[in-house]
Amino acid sequence: MAKSLVIVESPAKAKTISKFLGRNYKVKASVGHVRDLPKSKLGIDIEENFEPNYITIRGKGPVIKELKSEAKKADKVYLATDPDREGEAISWHLSYILGLDEDKDIRIEFNEITKDAVKNAIKNPRKINRNLVDAQQARRVLDRLVGYKISPLLWKKVKKGLSAGRVQSIATKIICDREKEIDDFDPKEYWSIDAEFIKDRKKFSGSFYGVEESGKEKKLEIPNEEEASKIMEVLKREKYNVKSIKKGKRKRNPYAPYTTSSLQQDASKKINFSTKKTMIVAQQLYEGVDIKGEGSVGLVTYIRTDSTRVSSEAKEKVSEYILEKYGQEYLGQGTVSKKSKGGQDAHEAIRPTYVDKDPETIKESLSKEQYKLYKMIWDRFVASQMTPAEFETLNISIKAGDYIFRASGSRILFDGFLKLYKLDDTKDVILPELEEGEELKLQKLDPKQHFTQPPPRYSEATLVKTLEELGIGRPSTYAPTISTILARGYVALEKKAFMPTELGLIVTELLEQYFKDILDQEFTANLEGNLDKIELGEKDWKDIVSDFYGSFRKELEIAEEEMKNVEIKDEVTDIICEKCGRNMVIKMGRYGKFLACPGYPECQNAKPLISDIGIECPKCEDGKIAERRSKKGRVFYGCTNYPECDFVSWDKPIDRKCPECGEILLEKATKKKKKIICSNSECNYSEEHSLD
1 MAKSLVIVES
11 PAKAKTISKF
21 LGRNYKVKAS
31 VGHVRDLPKS
41 KLGIDIEENF
51 EPNYITIRGK
61 GPVIKELKSE
71 AKKADKVYLA
81 TDPDREGEAI
91 SWHLSYILGL
101 DEDKDIRIEF
111 NEITKDAVKN
121 AIKNPRKINR
131 NLVDAQQARR
141 VLDRLVGYKI
151 SPLLWKKVKK
161 GLSAGRVQSI
171 ATKIICDREK
181 EIDDFDPKEY
191 WSIDAEFIKD
201 RKKFSGSFYG
211 VEESGKEKKL
221 EIPNEEEASK
231 IMEVLKREKY
241 NVKSIKKGKR
251 KRNPYAPYTT
261 SSLQQDASKK
271 INFSTKKTMI
281 VAQQLYEGVD
291 IKGEGSVGLV
301 TYIRTDSTRV
311 SSEAKEKVSE
321 YILEKYGQEY
331 LGQGTVSKKS
341 KGGQDAHEAI
351 RPTYVDKDPE
361 TIKESLSKEQ
371 YKLYKMIWDR
381 FVASQMTPAE
391 FETLNISIKA
401 GDYIFRASGS
411 RILFDGFLKL
421 YKLDDTKDVI
431 LPELEEGEEL
441 KLQKLDPKQH
451 FTQPPPRYSE
461 ATLVKTLEEL
471 GIGRPSTYAP
481 TISTILARGY
491 VALEKKAFMP
501 TELGLIVTEL
511 LEQYFKDILD
521 QEFTANLEGN
531 LDKIELGEKD
541 WKDIVSDFYG
551 SFRKELEIAE
561 EEMKNVEIKD
571 EVTDIICEKC
581 GRNMVIKMGR
591 YGKFLACPGY
601 PECQNAKPLI
611 SDIGIECPKC
621 EDGKIAERRS
631 KKGRVFYGCT
641 NYPECDFVSW
651 DKPIDRKCPE
661 CGEILLEKAT
671 KKKKKIICSN
681 SECNYSEEHS
691 LD
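Following the UniProt record's numbering, the numbering of the sequence shown begins with 1 at its first residue and continues without gaps.
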């Protein structure tokens, strides 16, 4: 019979930990939370100093019954929930339900699920940290007060099903504010002039910089075509000579290991993962994956962290790996990164638990998604402990009369961490051998008109980065926040960028008018700071809640009295619902607009809003190419005659035929260039265009 019971949150985590403990231990999972505030009511006694009314979560009866049974049979019970505020709160609730004394050493924690970490934790149990629990209680109560007080008001004044929340409302406002910036943006014209030179049959280019005045180079903006033409007239008559050559060296340091935020940002940009998907897959890697011949193995450290710290043991292991794999010259000192605003620095950075389990070695045991994310984490961590890359730089000033052009080149002298961590912007740019005073042969001048661009809409990556920089929310809140504002229809994702819906704009405007504190970034960031002070034992959680509720209650009373009803009308189309005959309307969902029957809930007909891009289908006679969306919201292109015609493409078709095989051409756009390729997989025709 097992003498000790260890309780974790998930069955996967239980399976991994069981490997490290002998027959005297039984490991069971609570399957997440066991107690929470009730869903059907506020669940907070405001008159009794905001005392929460916790209840057992519906459906958890069998799990709790089993845990109680096992706890009675055990000599010792260890609560091994995740090492953060929420994990501490789960342990506290478990201790209550199981009748354990929270002042005894029943809590264990570990930052990685390895044999040494788990056994060391068992040897060093501690009391439940009530400061951590209270910080989590404060967050939960604050969020419940905001959500359960404002949401019914929005149901009454705007429409049913709406919600408000501290972090989600700020996130929506940030997206709405950016949209207003874009709408108000006044583009300004400017021009550039590029020059192409040739030396020893090698072409290289320089860009117009400005003028030389009193021996100094001064930058000159070209505001319009008239000014560009004047400069061009002079340049066409001038000779081009090398004015100066500056050689130098620079280093590029490796990036720090991942935090939750930087992992979410990179996963969005590099492997097209949503924040939600990133956290789901990262949790799998943390809790344990079945590795062939080894069983369940926890592959990464705890995945909710704002720290880039690395333990001395991990540094020692990765140093041994780098020495053996790459040699002494590649072993660095490790990156030092500044603590983020409001960062708690409670845990290490996200890193592999076993550096010798490189992604390729265990690839067959991982799902496609697990492999992609694990490779990102592994590469980033190992590279962070390698030496900087060294570059030779070359900066050339070219004189044409009084005007100055500049050209720059660089080449890698020593690849350092780039040997492992490949980056797109580190390719060599080689200039020909030049001497000061040398006359250059001009091939052509290329003037171009440009317009300043409005700030870009937020992607998931840039929204997470902004929330982190403002000190709003914590690593664990970003993914659920984004999921919520999408699910509520406050924002939509269009081509990986957030756009506010009409509903989002209206709700944000109402909250700004009546609940200024809720939407004030500094106020929300300060509230996060107060939660940290509760964790440190510097403030009482009920005092923080009471201070907040004092002003919030006054705002709520004014809003209930003064807020007017808002009617949101759907755009009516001439498309007839084939089920009931009504004219269908355009609605906004989490992935953009779609058609729906206004007879809902009697008629629940809904279908994609097909946007014809004006190109005939290359596969059938009378079809058109339309923009569609997959079930996951990804844009693709298909024939309007679907399912009779099955033409489909992830890339956008254009109204041109391939000059080599006659098939339709497709457009692939990146941030810096647009690539045209042939839709015929057997044809290799392609062309590239700058997006300027």
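Built from N, CA and C at the ideal position, the CB exists for glycine as well.
Any chain D beta carbon closer than 9 Å to residue i
i   : result
I97 : Of the protein chains in this structure there is only one, and it is not chain D.
Cβ-Cβ distance between residue i and residue j below 9 Å
i           : j    : result
Y255        : S410 : no
G401        : L235 : yes
T259        : I377 : no
Y240        : K444 : no
A407        : S207 : yes
R553        : L418 : no
R126        : D101 : no
E512        : K173 : yes
S268        : E433 : no
I90         : L98  : no
N187        : Q453 : One detail in the question is off: residue 187 reads as Pro in this sequence, not Asn. For P187 and Q453, yes; Cβs fall inside 9 Å.
Q265        : K465 : yes
R634        : W650 : yes
L153        : E560 : yes
V310        : P223 : no
residue 694 : I175 : Since the displayed the chain opens at 1 and closes at 692, residue 694 lies outside it and no answer follows.
Y25         : L5   : yes
N605        : E578 : yes
S679        : E663 : yes
L413        : E438 : no
M563        : I575 : no
Residue range of the unbroken beta strand (DSSP E) whose run includes residue i
i    : result
Q443 : 439-451
G638 : 635-639
V8   : 4-8
G210 : 202-213
F405 : 403-414
K15  : Counting along the chain, K15 falls outside any beta strand (DSSP E), though it belongs to the alpha helix (DSSP H) covering 11-18.
Same chain, Cβ closer than 7 Å to residue i, neighbours up to 5 away in sequence not counted
i    : result
Y371 : P359, K363
G298 : T16, E112, I113, T114, Y286, E287, G288, T353
C645 : C617, K619, C620, G623, C639
G248 : T393
P291 : The sequence given here places Ile at residue 291; Pro does not occur at that position. The answer, listed in chain order, is V297, I362, S365.
6 Å CB neighbourhood of residue i in its chain, flanking five on each side removed
i    : result
I17  : V27, V118
K542 : N49, F50
T81  : E9, G87, I90, S91
D612 : K624, A626
Three-state class that DSSP yields for residue i in the structure shown
i           : result
R144        : helix
E578        : coil
M563        : coil
K236        : coil
N583        : strand
K368        : helix
C176        : helix
F552        : helix
Q344        : Low local confidence applies: a pLDDT of 48 at Q344 is under 50, so the model's placement there is unreliable, and no value is given.
Y374        : helix
T393        : strand
P164        : Note that residue 164 corresponds to Ala in the displayed sequence, not to Pro. Looking at A164 - three-state DSSP - the assignment turns out to be coil, as it is neither helix nor strand.
W155        : helix
D36         : strand
W191        : strand
P480        : helix
R304        : coil
G61         : helix
G248        : strand
Y78         : strand
I55         : strand
K256        : Sequence inspection shows Ala at residue 256; the Lys mentioned does not correspond to that position. Reduced to three states, the DSSP call for A256 is coil.
S649        : strand
residue 710 : Nothing can be reported for residue 710: it is not among the residues displayed for the chain, which extend from 1 to 692.
Range of the contiguous alpha helix (DSSP H) that encloses residue i
i    : result
S95  : 85-97
E313 : 312-325
V507 : 502-514
Contacting residues, own chain, Cβ-Cβ under 8 Å from residue i (five flanking each side not counted)
i    : result
E369 : F273, K277, V281
R166 : L142, D143, V146, I518, T524, L527
Quiz item: What residue ranges within the segment 259-310 form continuous alpha helix (DSSP H) runs of no fewer than 4 residues, ordered along the chain?
Solution: 260-270, 275-287
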